[in-house]
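**Q**
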Amino acid sequence: MKIVGLDVGSTTVKALADAGGTPVWQDYKRHNTKQAEMVLEFLERMEVECGLEPSSDRVFLTGSGAGLIAPLVGGKFIQEVVAVSAAVEKLHPEVNFVSEIGGEDMKTLFFTPSGDGKSKQVYMQSACSGGTGTFIEKTARKLQIPGERLASMAYTGLDLHKISSKCGIFAEADANTLVKSGVPVEEIIASLFEAVVYQNLATLTKGNTPTPQVLLLGGPNLFFAGLQEAWRHHLQKLWTERRIELPPGVSPESLIQVPAEALYYACIGCIEIGCGEAPGVGVYAGTGRLRWWIEEGQHEQKAREGSKGLAGDPTELEQFVKCYGESRTSVTKPGPEQCREAATVGCDFGSTTAKAVVLSPTGELIASCYAQSNGNPIEDAKAIMREIRGAGIERIAALGVTGYGKDLLKDIVGADVAVVETVAHATAALHYFADADVICDVGGCDVKIMLLRQGTVADFRLNSQCSSGNGAFLQGVAERYQVPLDQYAERAFQARAVPTLAMGCGVFLQSDIVNQQRKGWSSEEIMASLAAVLPLNVWVYAGQLQNLAAAGRKFVLQGGTHRNLAVVKAQVDFIRGKVPDAEIVVHPYSGEAGAIGAALCVLDWAREGAASRFRGYDLIESLEYVATTNEHTTCHWCPVNCRRTFIDVRIPGAPGRSWSKLPVEAGWERVISGNSCPKGLLEDVNEMRVVKAKLEEAKNAYPNIAELVRDSAFKRAKADVQSPV
Amino acid sequence: MLNLWSTHQFWIGFFDALGIEARRIEFSSDTSEDQARTHAKGRGTVDCCYPVKCVSGHYGELLARSKRKIDILFSPMIYSLPSFLNGHAIDSLSCPRVMAAPENIKAGFIKERDAFAEAGVRYVAPLVSLGDRPVVPKQLYAGLMEAIPGITAEETKRAVDAGYRALETYNARLRAKGREILEWCAREARPCMLVLARPYHMDPGIGHEIEVDLQAYGYPVLWSQYLPIDDDLLQWMFGPDIAAGHIRSPFDIHDVWPSSYSANTNEILWGAKYAARMPWIACVVRMSSYECGMDQPTYSPVQAIVERSGTLFFSFQDLDSTKPAGSVKIRVETIAHYLQKHSAAIIQRKQAASPADCPLGESVAHRSATSG
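These protein sequences, in sequence, are chains A and B. Just add 125 to the spot in the first sequence (first one is 1) and you have the working numbering. Just add 234 to the spot in the second sequence (first one is 1) and you have the working numbering.
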């Protein structure tokens with residue numbers, strides 16, 4: 126009689142067949158989300174290659190896909206942690222700590238000797254990609270490192286850089302930044318290994334110290350030599366710190382083992398447990414039902430499982446389109462009259478695009494322009510000014526700027542007002558909807574939620590910690606299906622039923638989509654479900670707002686992603702579900718709200734009658750600048766060492782920078798670009814000193830009680846606290 | 235850490251009176267990410283709120299000291315707190331999670347091996363009801379008699395008195411500073427802001443010094459723990475409410491917070507009422523840490539009280555280890571924008587709603603706030 130252990134994991138299927146204590150067949154293969162199909166393939170091969178026989182041999186299954194498949198083949202399901210620990214206890218009684226890293230999960234097992242046996246503690250994480258195999262592979266793919274090379278890449282001796290260990294998508298972004306700043310891929314991969322070990326130790330030890338001996342299991346631990354090195358490094362360091370006594374005469378390395386069968390431990394455990402089961406349990410029933418499931422059953426299930434289509438019934442859709450179909454307003458070309466009038470301009474310098482709008486003296490929107498950013502803020506400013514001029518606007522009477530580039534460019538272009546993004550968005554929303562309570566801005570790369578009170582932004586959520594919820598993903602999927610974005614809604618509304626996608630991690634959402642596709646969901650249905658899950662990601666997962674009703678009842682949707690009616694429909698359904706009497710409106714110029722806000726703020730400023738500082742088209746076009754990138758411009762605030770560019774622009778009256786390592790004389794203004802975080806906007810410690818001195822001045826003039834406490838509370842009281850204001 | 239941010243001077247005064255001068259007391263450094271990374275790895279036990287979680291780093295750091303090694307790790311479990319609202323509120327208890335933090339965190343250090351014993355450090359964590367002064371000497375005597383051989387009940391009592399004196403003197407001095415700030419605001423017709431938070435948000439690793447960024451925009455910063463409570467001021471602010479029968483004393487908060495059991499929570503609610511009545515507090519900044527169950531029910535009432543008076547209200551919730559630099563910068567700029575735009579009108583409106591004869595003094599002429 127044979128016993129088969131089958132491990133149906135999130136990325137691979139592994140199987141081991143045993144006949145009387147001898148392995149007779151084993152293999153593992155990636156299933157590309159076709160778990161059932163791969164299991165069928167394995168079983169068929171085993172029938173042929175090692176004589177697996179229905180009605181006599183037995184099958185025990187474990188892993189994330191086993192619960193569904195086990196009953197179809199007559200097998201018994203065994204929980205994966207139980208399976209792995211059974212194998213470890215049998216093969217390695219000396220082991221106290223196990224780390225098993227899988228494609229989309231990670232586990233730790235602690236075995237503590239107690240009495241005659243050992244007590245077990247198990248921790249598992251499978252909700253987020255941070256620390257899992259996918260985390261490494263996704264970034265490696267992006268860096269175009271082939272699997273074989275990744276497997277042999279090292280950890281020891283390489284410089285490490287900071288990579289987000291929490292989110293696979295941000296790790297990828299960090300890796301991108303590192304690549305751009307010229308960090309060798311070897312160091313990036315080593316940093317990824319570091320991040321994985323850190324994440325596992327940080328989240329999955331819960332006060333336990335991993336003590337020798339240690340076993341590393343699972344694909345990533347087996348295949349990536351560098352990951353093993355990272356484990357060895359960290360565990361040995363931990364043992365030294367915690368003064369863990371190691372058995373004499375053995376090298377610490379030898380206490381950390383990666384067995385050759387590291388992939389098959391769950392299978393071995395299944396067989397081990399299977400041996401102890403009653404004879405009638407787990408008897409292999411052949412492949413018939415599994416085949417039926419693959420060919421028919423899963424499609425039937427699809428029909429049962431799906432939730433109502435995004436569109437609802439025809440009347441519901443008609444009503445919705447009546448309300449929201451026309452909410453998008455396009456800007457017409459300015460008339461000759463308007464061109465001659467003194468125009469108020471608002472510019473939104475974002476990280477990927479620059480947008481500008483032109484208002485008439487009465488606040489009417491008369492033109493809208495757009496320019497792709499090319500990374501040099503001066504050229505970006507020139508480009509957008511060219512666009513405004515090209516739109517026929519003859520004279521700019523006042524200029525407001527907002528967005529990431531506002532502080533850099535304010536003096537360069539001669540802006541009258543620089544407003545922070547939140548204020549710009551809120552001003553734009555309140556201008557059209559004076560009673561707005563909540564603004565939800567979903568752009569391509571970020572999500573902002575602004576809670577308004579008394580006409581101000583009282584609270585604000587910016588999703589920059591996690592990639593979940595932004596519009597780029599929607600766009601990516603539409604591209605994959607070759608559907609133009611402006612047809613997205615129309616296609617999505619055709620879906621009668623939609624699969625339910627899980628809220629949360631964008632990395633897992635990708636594989637969830639593949640999985641649903643495979644079940645037979647069509648592109649329309651997938652697109653609809655993706656739109657449907659977006660509000661959950663925006664409000665709950667990324668925004669962490671559980672109680673929408675407390676936020677208010679009038680919601681304004683803006684940002685480019687809300688041009689997509691399918692998203693709007695999903696948002697309306699979601700918000701109404703939480704706040705039944707909610708009033709939900711889409712901003713008439715949803716993509717330009719930031720620029721409009723900046724324009725409105727400067728229009729407000731202009732009422733006071735001050736003269737504009739705007740430099741004029743010609744001056745901006747002919748701005749003279751010198752860009753420098755060399756060892757003196759490299760940022761040293763953190764180990765990332767961004768290669769920055771200093772752009773010195775000739776601006777009459779600018780103070781210059783005499784204290785700098787790369788001094789510039791008066792009459793020149795310096796703009797820094799190429800930094801990846803706000804810290805890099807400061808040149809170096811010299812500038813920090815200049816800024817700090819100014820800050821100190823402010824601090825001395827305007828006291829802060831907490832500073833006094835920090836200075837004095839943990840010392841014996843001196844004669845007196847400092848002198849008055 | 236934690237409650238030490240409001241009882242610091244008590245302990246300095248107390249130990250000083252016992253002959254342990256301040257220079258022999260080593261405080262753990264401010265909370266920081268580095269501290270946690272170096273000293274707290276794997277020491278966490280049960281999931282808890284962020285400020286309590288940080289205590290692992292403090293213990294780890296103190297045990298790992300190579301210079302000026304410590305003999306005793308003193309980490310009192312403070313059951314109740316001294317509060318200026320004592321006698322006016324139902325009780326002045328400490329947050330139970332914060333109170334029990336020493337035992338909770340200690341567990342992570344003795345789970346496998348006794349890290350205290352290995353470092354040659356005695357762990358002392360007496361339970362002490364600082365809000366209930368008569369029982370304190372007995373509690374501390376019992377808690378310290380093993381650690382400090384020869385200590386007597388009598389000298390403990392004297393030391394406790396000295397501790398309270400030191401704390402009261404210190405608090406009074408900071409309140410006087412707060413009054414100076416408000417007098418300056420009144421004289422110059424300038425706004426200031428009030429931070430409503432728990433005392434440990436002054437710890438740079440917990441509150442991330444968010445208010446410092448705002449201070450740099452030219453606004454003095456008051457904290458609710460150290461608002462001036464001089465009688466003339468309180469009568470001016472709360473007199474009408476007392477006369478109308480809404481409250482019994484200036485420190486009475488039963489009108490807005492009937493279940494006034496927790497000292498820090500009570501002070502936050504009281505601070506909200508204070509902000510609503512003080513014209514020159516044009517803006518309130520609320521800070522709260524990740525998973526703070528005590529703060530949860532206070533969000534709405536505090537916000538409602540502050541906003542009803544027309545005072546600007548901004549909150550930073552779920553603060554944890556990371557100072558989200560980009561997001562804090564945007565928030566701070568947002569607050570600065572609205573303060574600059576609205577504070578003059580806010581001060582005028584609140585002044586108009588207040589009684590005449592403000593004890594803080596007259597403002598310099600009738601400056602038009604907008605031209606200021």
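Where is the CB? At the ideal position from N, CA and C, for every residue including glycine. Keep in mind it's a predicted model, so treat the numbers as computed, not measured.
Around the Cβ of lysine 817 of chain A, are there at least 16 other Cβ atoms within 10 angstroms (buried) or fewer (exposed)?
**A** exposed
**Q** Note down, in chain order, every chain A residue with its Cβ under 7 Å from the Cβ of methionine 436 of chain B.
**A** Ala831, Val834 and Arg835
**Q** Start and end of the alpha helix (DSSP H) containing lysine 352 of chain B?
**A** Before going further, note that residue 352 of chain B is glutamate rather than lysine in the sequence given. From DSSP, the alpha helix (DSSP H) with glutamate 352 of chain B extends over 349-352.
**Q** From this set, A/Ala211, A/Tyr750, A/Leu806 and A/Val538, which residue's C-alpha is nearest tryptophan 762 of chain A's C-alpha?
**A** A/Leu806
**Q** May I ask you to list, following chain order, the residues of the stretch 528-544 of chain A that have a beta carbon less than 8 Å from some beta carbon of chain B?
**A** Val544
**Q** With leucine 428 of chain B and glycine 505 of chain B assumed to form a contact (beta carbons below 8 Å), what rounded beta-carbon distance in angstroms separates them?
**A** 7 Å
**Q** DSSP state of asparagine 829 of chain A, grouped into three classes?
**A** Strand.
**Q** How would you list, in chain order, the residues of chain A whose beta-carbon sits under 8 Å from the beta-carbon of serine 577 of chain B?
**A** Near serine 577 of chain B there are no residues of chain A at all, since even the closest Cβ is about 11 Å away, more than 8 Å.
**Q** Are three or more beta carbon pairs between the stretch 271-284 of chain B and the stretch 243-254 of chain B nearer than 8 Å?
**A** no
**Q** In the DSSP assignment, find the unbroken beta strand (DSSP E) run with glutamine 151 of chain A in it and report its ends.
**A** 147-155
**Q** Just to make sure I have the definition right: I need the residues of chain A whose C-beta is within less than 7 Å of the C-beta of histidine 242 of chain B. Which are they?
**A** Ala838 and Phe839
**Q** Ignoring anything shorter than 3 residues or poking outside the stretch 336-393 of chain B, list the beta strand (DSSP E) runs there in chain order.
**A** Taking only runs of at least 3 residues, the beta strand (DSSP E) segments lying wholly in the stretch 336-393 of chain B are 356-358 and 361-363.
**Q** Do three or more CB pairs link the stretch 392-412 of chain A to the stretch 645-660 of chain A at distances below 8 Å?
**A** no
**Q** Residues of chain B with CB under 9 Å from alanine 818 of chain A, in chain order?
**A** In chain order: nothing, as chain B lies at least about 12 Å away.
**Q** With which residues is glutamine 250 of chain A paired in a DSSP beta bridge?
**A** A/Met231
**Q** Kindly list, in the order they appear in chain B, the residues whose Cβ is closer than 9 Å to that of alanine 103 of chain A.
**A** A query on residue 103 of chain A cannot be resolved here, the shown segment of chain A reaching from 126 to 850 and no further.
**Q** So, does the CB of proline 454 of chain B fall closer than 8 Å to a CB anywhere in chain A?
**A** Yes, proline 454 of chain B counts as interfacial toward chain A.
**Q** Indicate whether phenylalanine 350 of chain B and leucine 315 of chain B have their beta-carbon atoms separated by less than 8 Å.
**A** no
**Q** Should the stretch 668-682 of chain A be regarded as contacting the stretch 559-568 of chain A, the criterion being three or more beta carbon pairs within less than 8 Å?
**A** Touching, yes, given that three or more Cβ pairs across the two stretches are closer than 8 Å.
**Q** Once the 5 residues before and after histidine 757 of chain A are set aside, which same chain residues still bring their CB inside 7 Å of it?
**A** Closer than 7 Å at the Cβ level, and outside the excluded window around histidine 757 of chain A, lie Lys786 and Leu787.
**Q** Exposed or buried, which one is arginine 601 of chain B when buried takes at least 16 other CB atoms within 10 Å?
**A** Legend: pLDDT at arginine 601 of chain B = 42, less than 50; position of this residue unreliable, no value from coordinates given.
**Q** Measuring CA to CA, which of A/Gly601, A/Ile203, A/Glu169 and A/Ile226 is closest to serine 135 of chain A?
**A** A/Ile226
**Q** Classify arginine 299 of chain B: buried if its beta carbon has 16 or more other beta carbons within 10 angstroms, exposed otherwise.
**A** exposed
**Q** Between the beta-carbon of glycine 394 of chain A and the beta-carbon of alanine 144 of chain A, is there less than 8 Å?
**A** no
**Q** Quick one: which chain B residues come within Cβ less than 9 Å of alanine 296 of chain A?
**A** Those within 9 Å of alanine 296 of chain A in chain B number zero; the least Cβ separation is about 16 Å.
**Q** Do histidine 488 of chain B and the ligand MN come close, with the Cβ less than 7 Å from some heavy atom?
**A** Looking for the ligand MN in the displayed structure turns up nothing, as the structure carries no ligands at all.
**Q** Could you compute how far the alpha carbon of glycine 384 of chain B sits from the alpha carbon of histidine 435 of chain B?
**A** 37 Å
**Q** Just list the beta strand (DSSP E) runs in the stretch 282-343 of chain B, keeping only unbroken ones of 3 residues or longer that don't cross its boundaries, in chain order.
**A** 306-308 and 311-314
**Q** Tell me lysine 245 of chain A's beta-bridge partners as DSSP assigns them.
**A** Lysine 245 of chain A pairs with A/Phe236.
**Q** Can you tell me which residues form a DSSP beta bridge with arginine 795 of chain A?
**A** A/Asp773
**Q** Between which two residues does the beta strand (DSSP E) containing phenylalanine 550 of chain B stretch?
**A** Unbroken beta strand (DSSP E) run through phenylalanine 550 of chain B: 546-553.
**Q** Give the straight-line distance between the Cα atoms of alanine 603 of chain B and alanine 831 of chain A, rounded to the nearest whole angstrom.
**A** Low confidence applies to alanine 603 of chain B: its pLDDT is 44, below 50, so where it sits in the model is not reliable enough to give any reading.
**Q** Between the Cα of glutamine 246 of chain A and the Cα atoms of A/Glu229, A/Asp230, A/Phe260 and A/Val223, which residue gives the shortest distance?
**A** A/Val223
**Q** Alpha carbons only, please: which of A/Pro461, A/Val697 and A/Ile491 is nearest the one belonging to valine 470 of chain A?
**A** A/Ile491
**Q** Check valine 483 of chain A in the structure and name its three-state DSSP category.
**A** strand
**Q** Determine the closest residue to leucine 576 of chain A out of A/Thr753, A/Tyr742 and A/Leu673, with distance taken between C-alpha atoms.
**A** A/Leu673
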